[in-house]
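Here is the structure we will look at.
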Amino acid sequence: MKSIHLQIRFLVPLMVTLTVAALLALPLLDRMTLRWFSRDLSARGAMVAKTLSLAISDIEPNAKLDRLRGLLERGVLDERLVGIALCSATNQQILSTKGFPGSLTCKEAREIALLQNPRLELSSGAVHIGDFPVNPQQADSDRLVLLHDLSLPDRRSIDTRRYMIIFITVLGLAVAGITMIVAQLSWRGWVSGMRAILRGEGLVRPLLQTGGNSTGADSAPPELQPLEVEIRQHLRELEDNLYREHGPLTPWDPERLRGLLRTQLRGDQVIVVSNREPYIHLKGKEGIQVSRPASGLVTAVEPVMRACSGTWIAHGSGSADRETVDEHDRVAVPPDTKDYVLRRIWLSEEEEQGYYQGFANEGLWPLCHVAHVRPVFRESDWAQYRAVNQRFADAVVAEARSDDPIVLVQDYHFALLPAMVREKLPKATIITFWHIPWPNPESFGICPWRRELLQGMLGSTILGFHTRFHCKNFTETVDRYLEARIEHEHSTISYQGEPTLVQSYPISIAWPTDEERLRWPAPSEARRAVIERLKLPEDASIAVGVDRFDYTKGILERLHAVERLLEKYPQWQGRFVLVQVAAPTRNALEEYREFQDRIHRVTDRINQRFGTDTYQPVRLLAEHHDHAALMELYRAADMCVVTSLHDGMNLVCKEFVAARDDEQGVLILSRFAGAARELPEALVINPYHVEETTDALHRAATMPPQEQRERMASLRMTVREFNVYRWAGRMLADAGQWRLRERITRRVQRRAREGSEAMNA
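Take 322 as the starting number for the sequence shown in my numbering and just add one per residue.
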């Protein structure tokens, strides 16, 4: 009885759906029927008109009107014709039959006949109007107007509608009957199979299929196996959606991230691997000093490590780094709070030249950024890259306190490391985050060791990119160069039986705390300090750019836009100033040295062309700036200009937004930066288009305060909600769910193995 009730609950919506479908289809069917009849009546009218035209041409001119009237009256004896009229070329009615309405003029009839649906409603009913020339070869020929009765098409439309309703009803009843019969016959098997699945027995079957063997007692019925797979997939989707949708409900902060580690990861060890270290110890005149490098990666990951209290493995590059570590090359950082441990790896000059300067930055960096710089791949650089990856992988294994730590691998310097760690720690949860863009398959195919790099990255449990577009490019690259199973609906790639979740995790910054904001200077104070220090005009419109000295950041394009601004809008000469912070980087590479020289030359040219003794339109600050100095610039500026030619995310724009608690200032953002997808309230531009960037600079400089406030308030809300703790929390939540699933799988496998051994015994 219960099964019948369930079937009825299924069949009623089915019948309702079929009925609604029929009702929706009827108007369309009516329109199609009328269109067909209209086309047929037009063709029939053309034939009748042709026949009458031949007869008209045979009538003698002196007896034409009388014989014409008789001819037309005989023509309307056809049951479908209502009336006929003969009109002159000047739309004057010559004569008409009795049934032709006197209110219808020749001109009106001709205009209606030209319509797609030449229909006219009369008191006696609807008619179809056709207008045909008596002599088609003559330009000023008389014309015949034929009126066809449309009552027959209307009757047929009503009949068609009735037959359609009967057909849908019979079809619905037949489907319902067949469904009830099939459901009744298989209900018992379905119930037993569902009970097995809910008890977990049906989910054990795939885990027991090692070597192609499975036990019938633990497998779901064959007809339920597709349902079993679908249930498992939906469970995974529900888990993912739960944690993704839960994020914005509660603000992400360090405490919530710690809570996630305590609850979902149960205090598991977190190990970060990156090339750049979060703190550098340098020898100075006043002894050893500690500094933080200018790096988007450090900006994003360092707050996470403060919350996780894990271990960070990085290359020790500071002049006093060796003097500050213990016998195990470890040092507690930050120096004031000592929240986590930094483990330093020492590289020789040859290793650094081949692994970092060579393969990573002369090869992978221009390759992935699709920059207008040719990537260089050398066999010796590849050997050093592989060797250094192995050294870092060995350090991860040495630092691991258990066989299943959580390893966060950062960026393109360690594409091979995930597979190397997986080989030594197969139970580890490895999260690799690629901080730069991923190119299309054709571009990536330039790399001679593309297969090895992809195989190394697919050793990851979770592989993260900034945007879905980069995920799509990576998936297509794997599909092109490796034999792997790709599940697009679940964003997973299975290579050699090991699945990898490929997901987008837009990176961000830590939202400033109240204590940090108290240390900031007021915007007016910051502006006064910057103007005094850089000797800027008092009424200057200040644009700030903060970048590393890199050819992918669009610094040259930014300078060209400033030059064009001063040409196109001369009122800004003497007032507009671009303060460009360009931290030196990779000076050992020739491409970077040449790029820096070119920027200096263009800057000098612009300053000589538009500058004076007291005014320079471009202030190039080619030196490192600490966080406090950058905050002062952000709060003093009228606008921040980010013109990346290709960027993974670019955190400068988010730092600028976070710094403007006065809700003033304008963000000009390249559409080729990943942040453009999150911050549409910025002035999004194409940096390659000089005029577009120029106009954006002018618009930002003249934007009313109210519009600035509206845009900045929305930007700040986005950056505050989608902060770095949410970025890390999403990855770690996914990792926690993955680890839980793997532990349950291993537990079920162990119990199934024990049960199988007991049965064999």
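Glycine is no exception: its CB is placed at the ideal position from the N, C-alpha and C atoms.
Just so we're clear, the structure is a prediction, and the values are computed from it rather than from any experiment.
Taking the alpha carbon of Arg627 as the reference point, which residue from Asp574, Val611, Leu586 and Glu648 has its own alpha carbon closest?
That would be Asp574, whose Cα lies nearest to the Cα of Arg627.
If you measure between the beta carbons of Leu283 and Leu407, is that distance less than 8 Å?
The requested residue 283 is not part of the displayed model; the chain covers only 322 to 1082.
Cβ separation of Asp959 and Ser862, assumed to be a contact under 8 Å, to the nearest whole Å:
The pair is a contact, with the Cβ atoms about 5 Å apart (cut-off 8 Å).
Which residue's Cα is closest to the Cα of Gln917: Lys604, Gly875 and Gly995?
When only C-alpha atoms are compared, the closest one is Gly875.
How big is the Cα-Cα spacing for Val978 and Pro1001?
Taking the Cα positions, Val978 is about 13 Å away from Pro1001.
By the 10 Å Cβ neighbour count, where 16 or more other Cβ atoms means buried, how is Gly423 classified, buried or exposed?
The residue is exposed, with fewer than 16 neighbouring Cβ atoms inside 10 Å.
Please name the residue in Arg1062, Glu644, Gln1058 and Phe754 whose C-alpha comes closest to that of Gly608.
Of the candidates Arg1062, Glu644, Gln1058 and Phe754, Glu644 places its Cα closest to the Cα of Gly608.
Could you have a look at Lys659 and say whether DSSP puts it in helix, strand or coil?
The answer is coil: DSSP assigns Lys659 none of H, G, I, E or B.
Using the C-alpha atoms, what's the distance from Arg743 back to Glu566?
Bear in mind that a pLDDT of 48 at Glu566, under 50, signals an unreliable position, so the model cannot answer this.
Since I believe Ala957 is in contact with Phe870 (beta carbons under 8 Å), could you give me their beta-carbon distance rounded to a whole number of angstroms?
22 Å between Cβ atoms; not a contact.
Does the distance from the CB of Thr964 to the CB of Glu878 come in under 8 Å?
Yes, the Cβ-Cβ distance between Thr964 and Glu878 is below 8 Å.
Secondary structure at Ala721, three-state DSSP: helix, strand or coil?
The answer is coil: DSSP assigns Ala721 none of H, G, I, E or B.
Would you give the residue range spanned by the beta strand (DSSP E) that Ser991 belongs to?
From DSSP, the beta strand (DSSP E) with Ser991 extends over Val987 to Ser991.
Supposed contact pair Gly780 and Pro739 - C-beta distance, whole angstroms, cut 8 Å
Between Gly780 and Pro739 the Cβ distance is about 4 Å, and since that is below 8 Å, they are a contact.
Is any heavy atom of the ligand ZN found at a distance shorter than 7 Å from the C-beta of Arg1071?
The ligand ZN is not part of the structure shown, which contains no ligands of any sort.
Glu859 - containing alpha helix (DSSP H), residue span:
Unbroken run through Glu859: none, as it is neither H nor E.
Helix, strand or coil at Asp934 according to DSSP, with G and I counted as helix
Looking at Asp934 - three-state DSSP - the assignment turns out to be coil, as it is neither helix nor strand.
Could you give the DSSP three-state label for Met970: helix, strand or coil?
Under the three-state reduction of DSSP output, Met970 falls in the coil class, being neither helix nor strand.
Looking at C-beta atoms only, is the number of pairs between the stretch 933-953 and the stretch 994-1012 that lie closer than 8 Å three or more?
For the pair of segments examined, the stretch 933-953 was found not to touch the stretch 994-1012: the number of CB pairs separated by less than 8 Å stays below three.
Suppose you measure from the CA of Ala635 to the CA of Ser669; what does that come to, to the nearest Å?
Cα to Cα, Ala635 sits roughly 14 Å from Ser669.
Would DSSP call Pro1008 helix, strand or coil?
Here Pro1008 sits in coil by DSSP.
Specify the secondary structure class of Arg771 as computed by DSSP and reduced to three states.
In this structure, DSSP gives Arg771 a helical state, which the three-state scheme calls helix.
By DSSP, does Ile1065 sit in helix, in strand, or in coil?
Note: Ile1065 maps to helix in three-state DSSP.
Starting from Tyr816, follow its DSSP beta bridges and name the residues at the other end.
Beta-bridge pairing links Tyr816 to Glu819.
Hey, Thr873 and Asp968 are a contact pair by Cβ (cut 8 Å); roughly how many whole angstroms apart?
Contact flag correct, Cβ pair sits at about 7 Å.
Quick check on Gln363: does DSSP put it in helix, strand or coil?
Correcting the residue identity first, residue 363 is Ser in this sequence and not Gln. It is helical.
How far does the beta strand (DSSP E) with Lys604 in it extend, from its first residue to its last?
Ile601 to Gly605 is the extent of the beta strand (DSSP E) around Lys604.
What residues are listed by DSSP as bridge partners for Phe453?
In the DSSP assignment, Phe453 is bridged to Leu465.
Spatially closest choice to Trp893 from Arg1020, Glu912, Ala805 and His921, by CA coordinates:
Minimum Cα distance to Trp893 is reached at Arg1020.
Which class does Thr418 belong to by DSSP, given the choice of helix, strand or coil?
Taken through DSSP and simplified to helix, strand or coil, Thr418 comes out as coil.
Find the nearest neighbour of Pro905 within the set Gly932, Tyr936, His946 and Val898, judged by alpha-carbon distance.
Of Gly932, Tyr936, His946 and Val898, the residue nearest in Cα terms is His946.
Taking Cβ to Cβ, would you say Glu884 is nearer than 8 Å to Ile927?
Result yes, Cβ atoms of Glu884 and Ile927 sit closer than 8 Å.
To which residues of the same chain is Glu999 closer than 7 Å at the C-beta, ignoring the five residues directly before and after it?
Within the same chain, Glu999 has close Cβ partners Pro827, Thr1039 and Phe1043.
Are there 16 or more other CB atoms within 10 angstroms of the CB of Ser595, so buried, or fewer, so exposed?
With 16 or more other Cβ atoms within 10 Å, it is buried.
If you follow the beta strand (DSSP E) that Trp633 is in, where does it begin and where does it stop?
Boundaries of the beta strand (DSSP E) harbouring Trp633: Thr632 to His636, taken from the DSSP string.
My understanding is that Trp759 touches Asn794, with C-beta atoms under 8 Å, so please give their C-beta distance in whole angstroms.
Going by Cβ atoms, the distance from Trp759 to Asn794 rounds to 5 Å, so yes, they are a contact pair.
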